[in-house]
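Engineer: After the C-alpha cells below, expect a handful of questions from me.
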Amino acid sequence: MIISILKELTENENRVAATPQSVKDLIKNGVSVNIESGAGDPSFISDNDYKQSGANICSSPIEAIKDCDIIVKVNPPSKKEIDSFPEGKAFISFIQTTKELDIVNRLVKRKITSFSMHLIPRTTLAQSMDALSSQANIAGYKAVLNGASLLPVYMPLLMTAAGTIPPAKVLIIGAGVAGLQAIATAKRLGAQVEAFDVRPEVKEQVESLGAKFVEVESDTNEGSGQGGYAKETSDEYKAKQQEKMTEHIIKSDLVITTALIPGRPAPKLISKSMVEKMKKGSVIVDLASENGGNCEATEKDKITNYNGVTIDGSSNLPSEMQLHASQLYAKNISTFINYMIKDGKINLDLDDEIISGAMFTHQGKINHKPTLEAINSSKDN
Numbered sequence: 002m003i004i005s006i007l008k009e010l011t012e013n014e015n016r017v018a019a020t021p022q023s024v025k026d027l028i029k030n031g032v033s034v035n036i037e038s039g040a041g042d043p044s045f046i047s048d049n050d051y052k053q054s055g056a057n058i059c060s061s062p063i064e065a066i067k068d069c070d071i072i073v074k075v076n077p078p079s080k081k082e083i084d085s086f087p088e089g090k091a092f093i094s095f096i097q098t099t100k101e102l103d104i105v106n107r108l109v110k111r112k113i114t115s116f117s118m119h120l121i122p123r124t125t126l127a128q129s130m131d132a133l134s135s136q137a138n139i140a141g142y143k144a145v146l147n148g149a150s151l152l153p154v155y156m157p158l159l160m161t162a163a164g165t166i167p168p169a170k171v172l173i174i175g176a177g178v179a180g181l182q183a184i185a186t187a188k189r190l191g192a193q194v195e196a197f198d199v200r201p202e203v204k205e206q207v208e209s210l211g212a213k214f215v216e217v218e219s220d221t222n223e224g225s226g227q228g229g230y231a232k233e234t235s236d237e238y239k240a241k242q243q244e245k246m247t248e249h250i251i252k253s254d255l256v257i258t259t260a261l262i263p264g265r266p267a268p269k270l271i272s273k274s275m276v277e278k279m280k281k282g283s284v285i286v287d288l289a290s291e292n293g294g295n296c297e298a299t300e301k302d303k304i305t306n307y308n309g310v311t312i313d314g315s316s317n318l319p320s321e322m323q324l325h326a327s328q329l330y331a332k333n334i335s336t337f338i339n340y341m342i343k344d345g346k347i348n349l350d351l352d353d354e355i356i357s358g359a360m361f362t363h364q365g366k367i368n369h370k371p372t373l374e375a376i377n378s379s380k381d382n
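If you use our numbering, the sequence shown corresponds to residues 2 to 382, in order.
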C-alpha cells in the first residue's frame with residue numbers, strides 16, 4: 002500500500018501534509034510513503050530528512066502518485082491534478098465541499114474516494130484526527146501576535162517613571178478553539194480581555210482563562226449547534242447582539258473575530274458603521290476572511306485601513322507558522338490513515354462514524370448529504 006504526499010500549489014501555502022515523524026508512523030503500519038521532491042521545503046523539511054525517515058523521494062507528481070492508494074495534500078487539488086489522479090483511488094485534504102463544487106464533481110468523475118479534514122467528526126475518538134482544531138489553535142495564537150504588531154499601543158499595563166500605560170483592551174468574538182487560544186495568548190501578553198460567543202455554555206471556559214464573558218441575554222440556547230459549533234440565531238437575538246457588541250467594540254483596541262459556521266458564508270458581525278465608531282488606530286483581525294469575513298470591511302488576504310482602523314484579512318495564518326502547523330496536520334493525517342488501515346489495506350467501514358463522516362465521494366457518487374444538496378442547488382440555479 003502506497004501513500005503519496007504532493008507539493009502544495011496554492012499561493013502562500015507553506016505547510017506540507019507529512020513530516021519525517023508522520024512518515025515513520027505510517028511505515029510502522031506496513032505502508033510505503035512517496036514524497037514529491039521539494040514538498041517539504043517551505044516547511045524547512047528537506048528531501049533528505051524524508052529519505053532518512055524511510056520515504057521514497059519522487060522527482061514529479063506523476064511519479065509520486067503512480068500505483069499509489071491514497072493521495073494526500075493540505076489544500077484542495079487543482080483541476081489538472083485531479084485529471085492526473087489514478088481512477089478509483091483515495092484522496093485526503095482540506096476541502097470545503099459545499100463551496101468547492103467543481104472540484105467535487107471532478108473527483109466524482111474520476112471515481113475517487115474523497116475525504117475532507119473539514120468533515121472529521123468532533124468526537125472524543127476523533128480528537129487526534131481533528132485538523133480543524135489543530136490549525137485553528139495556531140490561527141488564534143498568531144492572530145493575537147499579528148494584531149499586537151499592528152497596534153500603536155502596548156498590550157500590557159506598564160508603570161514607568163514617565164507615567165502609567167493602561168493595558169490594551171482586546172475583544173475576542175467567538176470562543177471556539179481559535180478564540181480560546183486567542184484569549185489565552187492576549188492574557189499572557191498582559192491585555193485586558195473580553196470575549197463574546199452566542200453559546201452560553203462556553204462562559205466557564207472563557208472565565209477560566211481570565212477573560213470577561215460578554216453575554217447577550219436570551220431565554221434559549223439558540224446559538225448552540227451540533228458538534229460544539231455555533232449556529233444561526235434569530236433576528237431578535239441578532240439585534241440584541243449587535244447592540245451589545247457595538248458597545249464593547251468601540252472601547253476595544255484590538256478585535257479578533259473567529260465566527261465561522263461550517264460550509265456557509267461567515268456571519269457579518271461587524272458592520273462598516275460599527276467600524277466607523279471605533280477608535281482611530283484600533284485593529285481588527287478577521288479569522289473568518291476565507292469565507293467572506295465577519296467584518297463588512299474585510300478584504301481577504303489584505304491588510305487595509307478603513308476610517309483609521311486597520312483590518313487584517315489574512316486567510317491562512319497557520320501557514321505563517323508552517324513548521325508546527327505541518328507537524329500537527331501531519332499527525333492528524335497519519336492518525337486518520339492508520340485508523341482506516343487493516344492488515345496493510347484500506348478498510349472503508351462505511352458504518353464507522355469517523356470514516357463515513359469525513360467521506361464525501363465514493364465509487365462515483367456523492368455520499369455527503371449537505372454536499373449533494375449544494376450540488377443540486379447549483380444545478381437548479
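Built from N, CA and C at the ideal position, the CB exists for glycine as well.
Keep in mind that this is a model prediction, so the values were computed, not measured.
Check whether the stretch 346 to 360 touches the stretch 39 to 55, counting contact only when three or more Cβ pairs, one atom from each stretch, lie closer than 8 Å.
Structural biologist: Output reads no: the stretch 39 to 55 does not touch the stretch 346 to 360.
Engineer: Along the beta strand (DSSP E) that carries I173, what are the first and last residues, could you check?
Structural biologist: To locate residue 173, count along the sequence shown from 1; it is residue 172. Per DSSP, I173 belongs to the beta strand (DSSP E) from 170 to 174.
Engineer: In this structure, how does DSSP classify I376 when only helix, strand and coil are distinguished?
Structural biologist: Reading the sequence shown from its first residue, position 375 is the one you call residue 376. The answer is helix: DSSP assigns I376 an H, G or I state.
Engineer: Rounded C-beta distance between D313 and N138? I'm assuming under 8 Å.
Structural biologist: Here residue 313 is taken as the residue at index 312 of the sequence shown, counted from 1. Here residue 138 is taken as the residue at index 137 of the sequence shown, counted from 1. Incorrect: roughly 18 Å between the Cβ atoms, too far for contact.
Engineer: If we require 3 or more residues per run, which beta strand (DSSP E) segments fall completely within the stretch 324 to 368?
Structural biologist: The qualifying runs are 360 to 363.
Engineer: Cα separation between K281 and Y307?
Structural biologist: Walking along the sequence shown from the start, residue 281 turns up at place 280. Walking along the sequence shown from the start, residue 307 turns up at place 306. Cα to Cα, the separation comes out at about 10 Å.
Engineer: In whole angstroms, give me the CA-to-CA distance for Q1 and K252.
Structural biologist: With the chain covering 2 to 382 only, the question about residue 1 has no answer from this structure.
Engineer: Report yes if the C-beta distance between V199 and G141 is below 8 Å; otherwise report no.
Structural biologist: Residue numbering aside, residue 199 sits at position 198 when the sequence shown is read from its first letter. Residue numbering aside, residue 141 sits at position 140 when the sequence shown is read from its first letter. Contact: no.
Engineer: What is the DSSP secondary structure of N57, reduced to helix, strand or coil?
Structural biologist: As a first step, residue 57 must be located in the sequence shown, where it is residue number 56. Strand.
Engineer: Cβ-heavy atom distance between V34 and the ligand FAD below 7 Å?
Structural biologist: Among the components modelled here there is no ligand, and therefore nothing to report on the ligand FAD.
Engineer: Candidates K143, Q243, D254: which alpha carbon is nearest Q385's?
Structural biologist: Coverage of the chain is limited to positions 2 through 382, which leaves residue 385 absent and any answer about it impossible.
Engineer: Could you tell me whether the Cβ atoms of S5 and I93 are closer together than 8 Å?
Structural biologist: Here residue 5 refers to the residue found at position 4 when the sequence shown is read from its first residue. Here residue 93 refers to the residue found at position 92 when the sequence shown is read from its first residue. For S5 and I93, no; Cβs fall outside 8 Å.
Engineer: Rounded to whole angstroms, what is the Cα-Cα separation between P266 and N35?
Structural biologist: Here residue 266 refers to the residue found at position 265 when the sequence shown is read from its first residue. Here residue 35 refers to the residue found at position 34 when the sequence shown is read from its first residue. Each residue's Cα considered, the two are about 36 Å apart.
Engineer: Give me, in chain order, the residues of the same chain whose beta-carbon lies closer than 6 Å to that of V203; leave out the 5 immediate sequence neighbours on both sides.
Structural biologist: Translated into positions along the sequence shown, residue 203 becomes position 202. Cβ neighbours of V203 beyond the five flanking positions: A176.
Engineer: Which first and last residues belong to the alpha helix (DSSP H) in which Y142 is found?
Structural biologist: To locate residue 142, count along the sequence shown from 1; it is residue 141. Run containing Y142: 132 to 151, per the alpha helix (DSSP H) assignment.
Engineer: Please name the residue or residues paired with V286 in a DSSP beta bridge.
Structural biologist: On the sequence shown, residue 286 is found 285 positions in, with the first residue counted as 1. I257, D313.
Engineer: Quick check on D462: buried or exposed, where buried means 16 or more other Cβ atoms within 10 Å of its Cβ?
Structural biologist: It is not possible to answer for residue 462, since the shown part of the chain is limited to 2 through 382.
Engineer: How would you call K273, buried or exposed, if buried means at least 16 neighbouring beta carbons within 10 angstroms?
Structural biologist: Position 272 of the sequence shown holds residue 273. By the neighbour-count rule (16 or more Cβ atoms within 10 Å), K273 is not buried but exposed.
Engineer: Taking all protein chains shown into account, do 16 or more other C-beta atoms lie within 10 angstroms of the C-beta of I121, making it buried, or fewer, making it exposed?
Structural biologist: If you number the sequence shown from 1, residue 121 lands on position 120. With 16 or more other Cβ atoms within 10 Å, it is buried.
Engineer: Go ahead and label L126 buried or exposed: buried means 16 or more other beta carbons lie within 10 angstroms of its beta carbon, across all protein chains shown.
Structural biologist: As a first step, residue 126 is located in the sequence shown; it is residue number 125 there, counting from the start. Label assigned to L126: exposed.
Engineer: Does DSSP put S23 in a helix, a strand or coil?
Structural biologist: Along the sequence shown, read from residue 1 onward, the residue named residue 23 stands at position 22. S23: helix per DSSP, three-state reduction.
Engineer: Comparing C-alpha positions only, which one of R107, N333, V310 sits nearest to Q364?
Structural biologist: By one-based count along the sequence shown, residue 364 stands at place 363. Checking every option, the nearest Cα to that of Q364 belongs to R107.
Engineer: Helix, strand or coil: how does DSSP classify E37 here?
Structural biologist: Walking along the sequence shown from the start, residue 37 turns up at place 36. Strand, per DSSP.
Engineer: Just the Cα atoms here: how many angstroms apart are K74 and L159?
Structural biologist: As a working note, residue 74 is residue 73 in the sequence shown. As a working note, residue 159 is residue 158 in the sequence shown. Roughly 46 Å separates the two Cα atoms.
Engineer: Determine the extent of the alpha helix (DSSP H) in which L181 is found, giving its start and end residues.
Structural biologist: In the sequence shown, residue 181 corresponds to position 180, counting from 1. Here the alpha helix (DSSP H) through L181 covers 178 to 189.
Engineer: Tell me whether S320 sits in a helix, a strand or coil according to DSSP, three-state version.
Structural biologist: By 1-based counting over the sequence shown, the position of residue 320 is 319. Three-state DSSP puts S320 in a helix.
Engineer: Compare the beta carbon distance of L10 and E37 with 8 Å and say whether it is the shorter of the two.
Structural biologist: On the sequence shown, position 9 is the one that residue 10 refers to. On the sequence shown, position 36 is the one that residue 37 refers to. The answer is no: Cβ separation not under 8 Å.
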